[in-house]
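Enquirer: In terms of the working numbering, the sequence shown opens at residue 1 and continues consecutively.
For each residue, glycine too, the CB sits at the ideal point set by N, CA and C.
To start, I am sharing the structure in question, which I have written as structure tokens.
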Amino acid sequence: MTLVQSPHWPVLIDVYFFLGGLAGGAFVLATIANLLDARRFRDVSRVGYYLALAALIPCPIILIVDLGVPLRFMNMMRTFNPLSPMSMGAWALLGFSACAFLAASMTFLEDAGRARNLSRPKVVVGVVGGFFGFFLAAYPGVLLSATAQPLWTGGHALGALFLAVGASTGAAAMALIFMLVGRRGADGVVTLRMMLVLALLIQLLSLVVFVASVQGYGSAASLRALATLTSGSFSLTFWLGAIAVGSILPLLIGLVNLKQRSPGLTALASVLVLIGGFLVKFVIVAAGQA
């Protein structure tokens, strides 16, 4: 893989990575719910499609602000370069945004009584958008690993890690919305709890693989960069925030809650996952640029 110039991203880009991953995760979960049983899990697909569109709205604005000149963003859309992570990311955002808008619009038509059942066209849009959603959630990790930064170059699981964070935060945001609107005993909540636990397990496994792969990369620069993350200036945020509070604690709460099915525990785990999901991406991006 050809390495690209090392980036220097502000926190605003961390927000973009977080929202894009959350949107992708929510959209994919909504599509899975629609495929499994459109009637039984209707509320899950409704919340997921609306949430995906809402989370996407700030993303192009963030990219334009980061680029400084709106014309630069338009220039990225003029060409399609499959060898460029930036070009692929911009086109994936465009394709996913179109699918999210269509899915949310069809859901609104159903809710407003202007269409009786649009589950079949939503399946088509959902499958196509799900592909873009997976890509949008995972591509920041691939983009990081394509740079010359020592911490990211050796991190072969970054794509899987960012994808898992997108799934966990998407499920957490959807579950939290269910709690806030009073849909605490719905079938969809049980499914989301299970999805949340599974995503957190994959997220923790990906973190372990990421750290091990950087260590195995073996260069002095990569080991120094990893030390910044695990024992240096970012270690408290990494171990306490991203790992303990944001991943392990909500996983334990989620496992207990699979039997107890407590609305309070569901809400608590969801909030912790959202905080932890942002911190995972923030600390890896920040430590990689240190």
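So, at 6 Å on beta carbons, what are the nonlocal neighbours of R55 in its own chain, with the 5 sequence-adjacent residues on each side left out?
Expert: On the sequence shown, residue 55 is found 55 positions in, with the first residue counted as 1. Strictly speaking, residue 55 in this sequence is Ala, with Arg absent from that position. L19, L22 and A23.
Enquirer: Assuming contact is defined by CB atoms lying nearer than 8 Å, are A100 and G129 in contact in what I supplied?
Expert: Within the sequence shown, residue 100 is the residue found at index 100, counting from 1. Within the sequence shown, residue 129 is the residue found at index 129, counting from 1. Yes, these two residues count as a Cβ contact at 8 Å.
Enquirer: I think V214 touches G154, with their Cβ atoms under 8 Å apart; what is that distance to the nearest whole Å?
Expert: By one-based count along the sequence shown, residue 214 stands at place 214. By one-based count along the sequence shown, residue 154 stands at place 154. Yes, V214 and G154 are in contact; Cβ-Cβ is about 4 Å, under 8 Å.
Enquirer: Is there contact here, the stretch 190 to 204 with the stretch 248 to 257, by at least three beta-carbon pairs under 8 Å?
Expert: Segments in contact, yes.
Enquirer: Report back the beta-carbon spacing between V15 and I62 to the nearest angstrom; my notes put them in contact at under 8 Å.
Expert: Within the sequence shown, residue 15 is the residue found at index 15, counting from 1. Within the sequence shown, residue 62 is the residue found at index 62, counting from 1. Yes, they are in contact, since the Cβ atoms of V15 and I62 sit about 6 Å apart, within 8 Å.
Enquirer: Please look up how many angstroms separate the CB atoms of G48 and F17, rounded, as I've assumed it's under 8 Å.
Expert: The residue given as residue 48 occupies position 48 in the sequence shown. The residue given as residue 17 occupies position 17 in the sequence shown. In fact, because the Cβ distance is near 20 Å, the residues do not count as touching under 8 Å.
Enquirer: If you drop the 5 nearest sequence neighbours on each side, which residues of the same chain put their C-beta closer than 6 Å to that of V11?
Expert: Here the question's residue 11 lines up with position 11 in the sequence shown. For V11, where only same-chain residues beyond five positions count, there are no Cβ hits under 6 Å.
Enquirer: Let's test the definition: count the other Cβ atoms within 10 Å of the Cβ of K259 and tell me whether it reaches 16, buried, or not, exposed.
Expert: By 1-based counting over the sequence shown, the position of residue 259 is 259. The residue in question, K259, is exposed, as its Cβ has fewer than 16 Cβ neighbours within 10 Å.
Enquirer: Using a threshold of 8 Å, state whether the C-beta atoms of V273 and A172 are closer than that.
Expert: The residue given as residue 273 occupies position 273 in the sequence shown. The residue given as residue 172 occupies position 172 in the sequence shown. Yes, the Cβ-Cβ distance between V273 and A172 is below 8 Å.
Enquirer: Provide the residue span of the alpha helix (DSSP H) that contains D43, from first to last.
Expert: In the sequence shown, the residue the question calls residue 43 occupies position 43. Taken as a continuous stretch (DSSP letters only), the alpha helix (DSSP H) holding D43 covers R42 to L56.
Enquirer: Does the distance from the C-beta atom of L229 to that of L151 stay below 8 Å?
Expert: To locate residue 229, count along the sequence shown from 1; it is residue 229. To locate residue 151, count along the sequence shown from 1; it is residue 151. Result yes, Cβ atoms of L229 and L151 sit closer than 8 Å.
Enquirer: Hey, out of V190, A225, A38 and L279, whose CA is closest to A148's CA?
Expert: Residue 148 sits at position 148 when you count from the first residue of the sequence shown. Taking only the C-alpha atoms, the option nearest A148 is A225.
Enquirer: State the CB to CB distance for the pair G246 and L279, rounded to an integer number of angstroms; the pair is presumed to be in contact (CB under 8 Å).
Expert: Within the sequence shown, residue 246 is the residue found at index 246, counting from 1. Within the sequence shown, residue 279 is the residue found at index 279, counting from 1. Yes, G246 and L279 are in contact; Cβ-Cβ is about 5 Å, under 8 Å.
Enquirer: At which residues does the alpha helix (DSSP H) containing P263 begin and terminate?
Expert: On the sequence shown, position 263 is the one that residue 263 refers to. Counting along the chain, the alpha helix (DSSP H) containing P263 begins and ends at P263 to Q289.
Enquirer: Can you list, in chain order, the residues of its chain whose CB lies under 6 Å from that of S45, leaving out five sequence neighbours each side?
Expert: If you number the sequence shown from 1, residue 45 lands on position 45. A30, A33 and N34, listed in sequence order.
Enquirer: Nearest to A103 by CA position, among G126, R116, D111 and F132, is which residue?
Expert: Against the sequence shown, residue 103 aligns to sequence position 103. Closest option to A103, Cα to Cα, is G126.
Enquirer: Using only CA atoms, which one of A160, A242 and R39 lies nearest to R116?
Expert: Position 116 of the sequence shown, counting from 1, holds the residue named residue 116. For R116, the nearest C-alpha among the options comes from R39.
Enquirer: Inspect the beta-carbon positions of G277 and S168 and report whether they are closer than 8 Å.
Expert: One-based indexing of the sequence shown puts residue 277 at position 277. One-based indexing of the sequence shown puts residue 168 at position 168. Yes, they are a contact pair.
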